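Residue numbers (the numbering used here): -5 to 172. Ideal placement from N, C-alpha and C gives every residue a C-beta, glycine not left out. Since this is a predicted model, take the numbers as computed values, not measurements.
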Amino acid sequence: MFNELFKAWKKEEANAELQSLSQDFYFNVNRYINDLKEKIEKEQDSLKLQLAKEEYGYAIKILNKLVESRLRKVMKNVIEGKKIPLELLTEEEKELFTLLNKATDLIIEFKEKLFKGKIEAKKEKLTVIRFLQQLPEIIGEDLKTYGPFEDEDVAVLPEENAEALIKRGVAEKIIYKD
């Protein structure tokens, strides 16, 4: 399996286009690597153990380089809007390809909104509360410092922080009418 992994990596590196892998390639490589791990755990002979460790290390390095090379090619094609023949992708890579396409669509949608001036500022929801006991300073979800608070103090806090204090019984919500 090491030779097959090595050949796949060399072929991928030598070509600008994505190369074909068998559909069970990653499954077989995974099984091979797991077998090497078991061999390392069980091996008693120090020379065989050292050889197994080196083979494992090289296999992991080559696999990482192969995956990075293929991923780079897939991402480049997605970014450039080029079609990738799906038969060149393994099942695992097809899932990644689908996710990358969705991310690209979201980026395009964001750009369109940005150019049309349809990006709106996030409106911060605030809640008015009355404290039922003393409380030291807190850091709000907006990363601002609030407090310290005394019994009966009234404060306006980010909704998430106010709800947490209300649940703890430290404060109560003040409902006001316009």
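Whole angstroms is fine: what's the gap from residue i's alpha carbon to residue j's?
i: Ala53; j: Lys96; result: 32 Å
i: Lys59; j: Leu137; result: 41 Å
i: Arg25; j: Thr139; result: 53 Å
i: Leu(-1); j: Ile132; result: 55 Å
i: Ile123; j: Lys117; result: 19 Å
i: Gly75; j: Leu108; result: 20 Å
i: Glu154; j: Glu87; result: 39 Å
Report the three-state DSSP secondary structure of residue i (helix, strand or coil).
i: Ile168; result: coil
i: Ala222; result: Only positions -5 to 172 of the chain appear in the structure, and residue 222 is not among them; the question remains open.
i: Thr121; result: strand
i: Ile78; result: coil
i: Thr92; result: helix
i: Leu159; result: helix
i: Leu151; result: strand
i: Asp29; result: helix
i: Met(-5); result: coil
i: Ser16; result: coil
i: Lys39; result: In the sequence as displayed, the identity of residue 39 is Asp instead of Lys. Asp39 falls in the coil class under three-state DSSP.
Among all the DSSP beta bridges, which residues are the ones paired with residue i?
i: Tyr140; result: Ile132
So the candidates are the options; which of them puts its Cα closest to the Cα of residue i?
i: Asn9; options: Ile56, Val150, Ile73, Ser63; result: Ser63
i: Ile73; options: Glu6, Trp3, Thr98, Leu120; result: Thr98
i: Glu174; options: Gly163, Tyr20, Glu135; result: Residue numbering for the chain in the displayed model covers -5 to 172; residue 174 lies beyond these limits and cannot be assessed.
i: Glu81; options: Val150, Lys47, Gln13, Glu154; result: Gln13
i: Ile168; options: Leu120, Glu135, Phe143, Gln128; result: Leu120
i: Gln128; options: Lys55, Glu11, Gly141, Asp145; result: Asp145
i: Glu166; options: Glu135, Gly134, Phe125, Asn155; result: Phe125
i: Asn(-3); options: Gln17, Leu41, Tyr50; result: Tyr50
i: Phe91; options: Val68, Glu32, Pro130, Met(-5); result: Val68
Review point. Between the stretch 29 to 38 and the stretch 96 to 109, are three or more C-beta pairs nearer than 8 Å?
Key: The answer is no - the stretch 96 to 109 does not touch the stretch 29 to 38, with fewer than three Cβ pairs under 8 Å.
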